[in-house]
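Chemist: Before I ask anything, let me first share the structure, which is written out below as structure tokens.
There are 2 protein chains.
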Amino acid sequence: MTEDNYSTEQRPYHHGDLHQAIVSAALEVLSETQSTEFSLRELARRAGVSHNAPYKHFADKRELLAAVSAVGFELLAKQMTDATKEFDSPRERLGAMARAYICGGVNNPALYRLMFGGYLSGHDHVRPAVEIIAGEKMKALLVDAISDGALGRPIPNTAANKREIDGAILVFWSQMHGLTLLLVDGRVGPSENMVELSESVFQGMLEGLAKRIPAIPAVTWIGSPAPTE
Amino acid sequence: MTEDNYSTEQRPYHHGDLHQAIVSAALEVLSETQSTEFSLRELARRAGVSHNAPYKHFADKRELLAAVSAVGFELLAKQMTDATKEFDSPRERLGAMARAYICGGVNNPALYRLMFGGYLSGHDHVRPAVEIIAGEKMKALLVDAISDGALGRPIPNTAANKREIDGAILVFWSQMHGLTLLLVDGRVGPSENMVELSESVFQGMLEGLAKRIPAIPAVTWIGSPAPTE
DNA sequence: CAAAAAAGTTGACACGGGCAACATTCAATT
DNA sequence: AATTGAATGTTGCCCGTGTCAACTTTTTTG
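Structural data, given as structure tokens:
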């Protein structure tokens with residue numbers, strides 16, 4: 007139907023903002039199919055444009071996916087920022103970020119996998135700048151919360167504290183990244199419990215397994231029978 | 007050269023164990039190219055067989071990759087088992103497993119990504135049985151170490167302790183999984199430090215960030231300048 | 001206003017996934 | 001030992017995709 011209108015409406019030779027349109031289409035298809043195995047041609051079709059038009063905006067599929075990934079990082083950073091707004095204590099803010107991070111990942115697994123998967127780091131290609139910058143922004147959020155005292159005491163973001171902060175971020179990020187992916191891949195579930203799970207794991211991370219093992223909701227591991235409860 | 011020999015040696019119509027040969031070829035190509043984007047036809051070529059022969063052993067590419075993934079799990083489980091052999095204390099054994107896990111992942115990123123990536127969980131397909139079983143074996147290793155007392159006190163693997171053990175495994179696995187992938191994807195580095203890093207993160211996990219932030223080696227985050235040291 | 005650059009179009013090619021039909025070998029069963 | 005059905009391999013084909021090349025239509029710019 008829209009097709010017909012377009013053909014009579016003699017849509018202009020130039021699309022207006024095809025770059026944006028292609029990225030949007032990619033995000034759509036990615037959400038719908040949860041796979042990066044769509045074709046550029048499919049995106050072109052959706053944008054109502056010839057099968058080669060996208061190549062005027064992206065050198066190859068990789069570059070398009072990089073742009074999509076960058077959007078993903080911006081989205082996630084925004085969700086994390088928003089999530090912290092309603093909290094005052096640094097500790098609560100960090101927890102909120104953890105939750106937002108995990109929810110963001112679970113709510114669009116394919117996008118999260120694209121962002122962190124090897125598609126873009128592979129080969130000899132360098133990670134595209136736009137994507138790196140977006141990733142940096144995310145890290146800055148963590149640094150802020152930690153230096154504000156999320157770990158129990160303030161750790162000013164100075165050169166002297168760099169190693170310590172790096173260590174904390176590494177632990178935190180690994181933990182959240184790992185949990186997100188286990189959920190996303192269905193290795194552990196059910197992901198409806200992700201909020202409780204992230205809370206538990208977050209607690210466990212702060213207090214240490216040797217001190218107190220976090221009480222987690224009943225989980226199912228892939229291949230195991232559902233929890234009998 | 008080998009090609010020529012084959013043609014004169016009138017190799018038998020049946021290959022002998024093509025299934026195995028294809029999986030091996032896949033593992034080779036995967037290691038070489040660090041990508042799952044090879045073609046079945048390429049594997050067929052390597053096995054010296056017609057382009058459609060593999061389809062007698064694998065319904066489609068997915069199924070082949072699942073078999074490769076399963077081998078990956080078995081390999082990893084073996085490395086973890088071996089790594090624990092030289093240690094007596096459960097705590098050291100768990101640490102050794104963590105190290106082996108991370109090394110295993112970093113040493114063949116594409117394989118690790120295949121094992122845990124969404125390629126196999128996506129769509130409506132169910133995770134292949136052989137792969138699930140291999141994954142279960144790995145989890146059993148963790149359960150053993152934990153119930154033996156790796157976390158400071160023994161936690162018998164009883165129904166009553168299920169929740170606690172599940173919680174511990176979830177934290178541990180997420181942490182290691184996440185760290186492995188950050189290293190594998192080059193988000194944090196350099197991965198030559200992976201042993202020290204895994205040790206630090208492991209310590210941090212046991213003691214808790216709120217108590218003591220682990221001292222980690224100087225790391226580089228993607229996009230950041232190399233550490234000035 | 002001409003000329004170059006940008007954005008889109010059409011056509012072509014090679015390659016890969018996967019179906020179908022056929023060939024060869026192996027393994028049971030009689 | 002002969003027959004026959006199941007495994008295993010092979011050849012040929014179709015279709016969709018990535019991507020290069022050459023051409024057209026706008027837009028921008030000197």
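Residue numbers (the working numbering), protein chains in the order written: chain A, 7 to 235; chain B, 7 to 235. A virtual CB, placed ideally from N, CA and C, is assigned to each residue, including glycine.
#1: Less than 7 Å between C-beta atoms, sequence neighbours within five positions excluded: which residues of the same chain meet that for B/ALA156?
#2: So which of B/SER56, B/ASP191, B/LEU188, B/ASP172 has the shortest CA-CA distance to A/SER206?
#3: Does the segment 152-171 of chain A come within contact of the segment 60-76 of chain A, defined as at least 3 CB pairs closer than 8 Å?
#4: Less than 8 Å between CB atoms is the rule here; does A/LEU187 satisfy it with respect to chain B?
#5: So is B/GLY111 in contact with chain A if we call contact Cβ pairs under 8 Å?
#6: So that I know if they touch, is there some Cβ in chain B lying closer than 8 Å to that of A/GLY123?
#7: Can you check whether the C-beta of B/SER13 is within less than 8 Å of a C-beta belonging to chain A?
#8: Just to confirm, is the Cβ distance from B/ARG105 to B/ALA89 under 8 Å?
#9: Residues of chain B with a CB under 7 Å from the CB of A/ALA146: which are they?
#10: Quick check on this structure: which residue in A/PRO18, A/PHE178, A/GLU43, A/ARG193 has the alpha carbon closest to the alpha carbon of A/GLU213?
#11: Give every residue of the same chain whose Cβ lies closer than 6 Å to the Cβ of A/ARG193, excluding the five residues on either side of it in the sequence, and list them in chain order.
#12: Taking just the CA atoms, how far does B/ASP150 sit from B/MET144?
#13: The alpha helix (DSSP H) spanning B/LEU107 covers which residue range?
#14: Taking buried to mean at least 16 other C-beta atoms within 10 Å of its own C-beta, is A/THR42 buried or exposed?
#15: With a cut-off of 8 Å, does the C-beta of A/MET7 fall near any C-beta of chain B?
#16: Within 10 Å of its beta-carbon, does A/HIS183 have 16 or more other beta-carbons around it, so buried, or fewer, so exposed?
#17: How long is the line joining the alpha carbons of B/THR8 and A/LEU126, rounded to whole angstroms?
#18: Taking B/VAL207 as the query, report the chain A residues whose CB atoms sit under 7 Å from its CB, ordered along the chain.
#19: Given that A/SER127 touches chain B, what residues does it touch there, using C-beta distances under 8 Å?
#20: What does DSSP give as the partner residues of B/GLY195 in its beta bridges?
#21: Is the beta carbon of A/HIS63 closer than 8 Å to that of A/ILE28?
#22: Between the C-alpha atoms of A/GLY111 and A/SER56, what's the straight-line distance to the nearest angstrom?
Modeler: The short version:
#1: PRO96, ARG97, ARG99, LEU100
#2: B/ASP172
#3: no
#4: yes
#5: no
#6: yes
#7: Low per-residue confidence applies at B/SER13: pLDDT is 40, beneath 50, and the placement is therefore not dependable enough to give any value.
#8: yes
#9: Simply none; closest approach about 11 Å.
#10: A/PHE178
#11: ILE228
#12: 10 Å
#13: Contrary to the premise, residue 107 of chain B reads as Tyr rather than Leu in this sequence. Unbroken alpha helix (DSSP H) run through B/TYR107: 96-113.
#14: buried
#15: Since pLDDT at A/MET7 reaches only 41, below the 50 mark, its modelled position is unreliable, and the value read off the structure follows with that caveat. It does not: the Cβ of A/MET7 has no partner Cβ on chain B nearer than 8 Å.
#16: buried
#17: Any answer about B/THR8 is weak, because its pLDDT of 39 lies below 50 and its placement is not dependable; what the coordinates show is given next. In a straight line, the C-alpha of B/THR8 is about 36 Å away from that of A/LEU126.
#18: LEU176, VAL177, SER180
#19: ASP191, GLY192
#20: B/THR226
#21: yes
#22: 33 Å
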